[in-house]
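Residue numbers (the working numbering): 97 to 325. Each residue gets a CB set at the ideal place from its N, CA and C atoms; glycine is no exception. These numbers come from a predicted model, not from an experiment. Here is the structure we will look at, set down as structure tokens.
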Ligand SMILES: [Zn+2]
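This is how it looks when you write it as structure tokens:
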């Protein structure tokens, strides 16, 4: 025969059991509910971020309509070589940055051509430029140098573009004009669309355009100078 104490104990144990069972399953289900909602929250957040990145990048994107040729001009690089890195920080100071698929590009040009003919990539071809107001749906190509015919107030010496630079400019423009169906009438100098000397009269523009489209009769002066190898 059970004692009174044992009876009370087993009765309480039974009560506790019936109470704790739904509490346990409630806790379990709210835990699962939490995980499911966290997953939804994180997933939703990711979708929202991708949507915002996509929207801004789409807003900043272009279908290249033409090419605008520049020179970097009389820049004071303080002993630094003028290249894409220099131009990127130079244009960052001027606030030329544009966001495109996870990155901010500061350099305003799409390509930079060094005096040795090396071609450096600036911003992506489908990101609008920051090189010519009203014409930033055109690809900007900048040749490093100062090709102004007039002496500069700054005293910066001017020179001709190097033969290697011109060869690269022609090859690059050929490639771009084929890929984006750019006619000769849309290969322009910066000075054709703005009040500027850029890219300077020492750049043989007409000969470059003629060479891009293989029209030799237009060329009246050699595209590359005599000392070109
Ligand atoms: Zn320019």
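Quick one: using the 10 Å Cβ neighbour count with 16 as the cut-off for buried, is residue i buried or exposed?
i, result
"residue 159", "exposed"
"residue 287", "buried"
"residue 317", "Only weak support is given to the placement of residue 317: the predicted model assigns it a pLDDT of 44, under 50, and the value that follows is read from those uncertain coordinates. Exposed: under 16 other Cβ atoms inside 10 Å."
"residue 130", "exposed"
"residue 219", "buried"
"residue 223", "buried"
"residue 261", "buried"
"residue 136", "exposed"
"residue 306", "buried"
"residue 227", "buried"
"residue 178", "buried"
"residue 194", "buried"
"residue 308", "buried"
Would you mind stating whether residue i and residue j have Cβ atoms separated by less than 8 Å?
i, j, result
"residue 183", "residue 208", "yes"
"residue 264", "residue 213", "yes"
"residue 196", "residue 153", "yes"
"residue 304", "residue 266", "yes"
"residue 268", "residue 215", "yes"
"residue 295", "residue 285", "yes"
"residue 258", "residue 300", "no"
"residue 187", "residue 206", "no"
"residue 242", "residue 169", "yes"
"residue 230", "residue 204", "no"
"residue 254", "residue 298", "yes"
Using a threshold of 7 Å, is the CB atom of residue i nearer than that to any non-hydrogen atom of ligand 1?
i, result
"residue 279", "no"
"residue 286", "yes"
"residue 295", "yes"
"residue 292", "yes"
"residue 166", "yes"
Is residue i close to ligand 3? I mean its beta-carbon at under 7 Å from any heavy atom of the ligand.
i, result
"residue 227", "The model on display carries ligand 1 but not ligand 3."
Three-pair Cβ contact test at 8 Å for the segment 232-241 versus the segment 162-177: Note that the segment 232-241 touches the segment 162-177; at least 3 beta-carbon pairs, one per stretch, sit closer than 8 Å.
Inter-stretch contact (C-beta, 8 Å, three-pair minimum) for the segment 273-280 and the segment 136-151: Counting Cβ pairs under 8 Å, fewer than three are found: no touch.
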